[in-house]
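First the structure, in the form of structure tokens, and then the observations on it.
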Amino acid sequence: MKKVLFVIVLTLSFCITEAQDGFKFAHVSDTHIGSNNSEDDLRRTVQSINNDSSIAFVILSGDITDFGSDSEFIIAKQILDSLNKPWHIIPGNHDANWSESGTNSFKKIFGAETFFFDFGGYYFIGSACGPNMRMSPGQVPRENVVWLDSTLKHLKNKKQPVIFVNHYPMDSSLNNWYDVIDLLKTRNTQLIICGHGHANHQLNFEGIPGIMGRSNLRARKDVGGYNIVTIQNDTATYTERNPVTGEENQWAQVALYKHHFKAGSSTYYRPSYAVNSTYKNAQTVWEFTDNSDIGSGVAVSGNLVIASNSKGFIYALNKTNGKKAWSYKTNGKIYSTPAIENNLVVVASTDNNIYCLDVNNGKPHWKLETNKPVVASPLIKNGIVYIGAADGKFRAIDLQTGKLKWSYDSVKGFVVDKPLFYNNKIYFGTWGTEFYALNAEDGTLVWKWNNGSANRMYSPAACYPVAANNRVFIVAPDRYATCFDAQTGNVIWRKQDPLYRVRESMGLSEDSSLVYAKTMEGELIGFSTKADSMQIDFKSNTNLGYEIAPTAIVADNGLIYVPSDDGTVVAVNKDGSVLWKNKISNALITNITAVLGDRIIVTTMDGKVVCLQTLR
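For the sequence shown, the working numbering begins at 221 and goes up steadily by one.
Encoded structure:
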């Protein structure tokens, strides 16, 4: 009995001492491995942390790499493995948006893209943050929101304080900030930590104190830096440290206490869906909500709509009512839009396989293994599947047998778009700043073009190219529209117009006379497919505001459907007038597919598949 009492007293004494003494951890963010001096900057920080025995653990709040490449992740992991104390890590937008692995490598290399642990009387919860594979505002992936909900519901001590970690600030720079905030307010959340802004800031997120930590990069200085966080006496103290000199500067103190959040969030801004009441001529026929992100589009066959998601599922929905008919599980996330021909559906997965299934029941017909993940979408033409991958190859595959017809093995960067078939040639861009034309019969190179930029993020990779009048057209993040001779690759015209800042979203008019492009101001323009310059013959004031959604524009049955990065679809008449707007969610529109009867099927990054009908 005395021994038991002694142990209890000793344990209580330890807990009281721990509470009085508090604890310290390091907050490191935005290391951007792959950018200038980033490796040296991180090594210096690791050494500084290792030399400080008072630091209990390390939190890394995203943008670990600059371009999300496997090589960058591996280097980051090698450096971080030299830490002599526990470390907890989440990805940011740079780790996800340009990921050659379809955002799989982060989890494979670091073990997880979320974290949860209990230390010093606090729960620490960290969640991944995108955008994933498609340029848009930030987003906590749908599956991570589901995970967070479950984690908070199953806390062993529901009164214990919570410190939440995310890469983005928990505000409208995230398209689903309110979903996360509302969940955090169900528990005793006392602090939110983030990165992304590359500078130290003290913030407030709907009554929850917030801290943005600086980037670890040196930027224009000689040395980078990181933050030491001290939790003591119900206070979080932030001190910036120079990892070389050891110089410290205390810059923020946050009181940690229970906030007693009021039920509901009516006093805080939430996205408005009032536009759906303004425009009555767009009707929702049905809606399906997934439990994970949908970074791809759909294909339609008969009465089935084939979709896929970032949980790795390919599935069929009934075209009439949206009910699930069948599903098939792959072992990787999917960002590939299905393609269908002759009752066979082809979808690529980031598990290094291209799948062909029976469209009626989802049973496997064949699969072809690649050397790396596939995040591109297939095109099927005359019984041949054309698709690029992340392994430097572009393939042509026999639809019926799954046998490789040919492979072009000299692709720079990785492919993420859907290729264009035109005049018996295949056209596609890559995240290696290049654009290719291959012979569709044998895969030989006809021509290739480089945009001349040293920055991979300006690559003509995410747009779906279009063609007309023996010309091929692209737009890209460098704000240029480019017109090529389809046969020779000679540039007919190339223009960056500050009045019409195009980016990646484009499409072709039904009569092939215009190339539609969405500007970064959210307006729709159309330039001639025949003129020898960027001759703008069409304008529509869609009033979408600042826009970066890369999703293709679709023209069908007399209407032009324009996607957005905030879940709004705009239907524009041929004369440029807006027929209707419909807000489906607050997330990126990832695809619009036209079906018969004035209907379209729309997918959103936060997991929605919606059938809309125009009422004429």
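Even glycine gets a Cβ: it sits at the ideal position worked out from N, Cα and C.
Neighbourhood of residue i by C-beta, 8 angstroms cutoff - its chain only, sequence neighbours within 5 removed
i	result
Pro-351	Asn-313, Ala-316, Asn-317, Pro-357, Gly-358, Gln-359, Leu-808 and Met-825
Arg-264	Val-443, Gly-444, Pro-463 and Val-464
Glu-468	Ile-448, Thr-459, Glu-460, Arg-461 and Asn-462
Gln-755	Phe-747 and Ser-748
Glu-259	Ile-253, Ile-295 and Ile-299
Local Cβ density within 10 Å of residue i, reported as buried at 16 or more and exposed below that
i	result
Cys-831	buried
Gln-267	exposed
His-374	exposed
Phe-648	buried
Arg-362	buried
Lys-539	buried
Leu-816	exposed
Lys-543	exposed
Lys-583	exposed
Leu-437	buried
Tyr-489	exposed
Phe-337	exposed
Asn-256	exposed
Gln-470	exposed
Glu-320	buried
Asn-324	buried
Ser-281	buried
Asp-301	exposed
Ala-660	buried
Leu-262	buried
Leu-404	buried
His-308	buried
His-480	exposed
Gly-466	exposed
Asp-283	buried
Pro-718	exposed
Thr-409	buried
Coil, strand or helix - residue i by DSSP
i	result
Ile-253	strand
Met-432	strand
Leu-230	With a pLDDT of only 36 at Leu-230, under 50, the local geometry of the prediction cannot be trusted, and the value read off the model is given with reservation. Of the three classes helix, strand and coil, the one that applies to Leu-230 here is helix, per DSSP.
Ser-392	coil
Ala-660	coil
Asp-402	helix
Met-726	strand
Tyr-477	coil
Tyr-678	helix
Where the alpha helix (DSSP H) containing residue i begins and where it ends
i	result
Leu-372	362 to 373
Ile-263	The question names Ile, but residue 263 in the sequence shown is Arg. Element bounds for Arg-263: 258 to 270.
Ser-497	495 to 498
Asn-573	It is not in any alpha helix (DSSP H) - Asn-573 instead sits in the beta strand (DSSP E) that spans 573 to 578.
Ile-299	290 to 300
Asn-313	313 to 316
Closer than 7 angstroms to chain B by CB, residue i
i	result
Gly-242	Of the chains in the structure shown, none is chain B; there is only one protein chain.
Close beta carbons around residue i, own chain, < 7 angstroms, minus the five adjacent residues each side
i	result
Glu-589	Asn-572 and Asn-573
Ala-688	Leu-728, Ser-732 and Thr-749
Thr-509	Gly-827 and Lys-828
Lys-794	Gly-778
Trp-651	Trp-318, Gly-633, Phe-634, Val-636, Arg-676, Ser-679 and Ala-681
Asn-580	Asn-563
Cβ neighbours of residue i in the same chain (closer than 6 angstroms, five flanking residues each side left out)
i	result
Tyr-720	Thr-739 and Ile-745
His-416	His-387 and Tyr-388
Ser-805	Gly-787, Thr-824, Asp-826 and Lys-828
Where the beta strand (DSSP E) through residue i begins and ends
i	result
Phe-326	No beta strand (DSSP E) holds Phe-326; the alpha helix (DSSP H) holding it covers 325 to 330.
Phe-339	335 to 339
Ser-627	624 to 628
Ala-502	502 to 509
Phe-648	645 to 649
Ile-607	604 to 608
Glu-467	It is not in any beta strand (DSSP E) - Glu-467 carries neither H nor E in the DSSP assignment.
Ala-791	788 to 793
Ala-527	524 to 528
Thr-739	734 to 739
Residues sharing a beta bridge with residue i, DSSP
i	result
Glu-654	Asn-670
Phe-704	Val-692 and Val-711
Ser-547	Tyr-535
Cys-831	Trp-506 and Ile-821
Pro-584	Leu-577
Tyr-488	DSSP lists no partner for Tyr-488.
Ile-768	In DSSP, Ile-768 forms no bridge with anything.
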